[in-house]
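Heads up: the sequence shown runs through residues 876 to 963, numbered per our numbering.
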Amino acid sequence: ATDPASSVVRVFREAVKEEGGDDAIDMMRGWGDVEFVATDHSVPTIYYGPGTVAAAHTADEYIELDRYHTGVAVYERAIRAFLAAAQP
């Protein structure tokens, strides 16, 4: 599991908060392809989705349009933060 104090968690929590969201960490059990990167290469990873955990991967999965737009903005902020940190 990725350390909650890692930079990837910190950057995403900051991006969520800057977009007016709740930066609390929700945990859910699951598996995805990112597990290969995390496990085989020891890369800190997270899953981020702007929808609700209750609706995730259910037969009636949905996302409200405002949450979709917020999610896009969060990804943009996080990517910009990672790129800025990578500059020499």
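Even glycine gets a Cβ: it sits at the ideal position worked out from N, Cα and C.
As assigned by DSSP and simplified to three states, the class of residue i
i      : result
Tyr865 : In this structure the chain extends from 876 to 963, so residue 865 is not present and cannot be described.
Glu936 : coil
Ala929 : coil
Thr964 : This structure cannot speak to residue 964, because the chain is shown only from 876 to 963.
Rounded straight-line distance, which links the Cα of residue j to that of residue i
i      : j      : result
Ile938 : Asp901 : 17 Å
Ala960 : Ile954 : 10 Å
Thr914 : Ser881 : 16 Å
Val891 : Thr927 : 14 Å
Ala948 : Arg888 : 13 Å
Ala899 : Gln962 : 29 Å
Contacting residues, own chain, Cβ-Cβ under 6 Å from residue i (five flanking each side not counted)
i      : result
Gly883 : One point to set straight first is that residue 883 is Val, not Gly, in the sequence displayed. Correct list, in chain order: Pro919, Ile921.
8 Å contact criterion, which residue i and residue j should meet: CB distance rounded
i      : j      : result
Gly946 : Pro925 : 3 Å
Val912 : Phe957 : With 8 Å as the limit, Val912 and Phe957 do not qualify as a contact, their Cβ atoms being about 15 Å apart.
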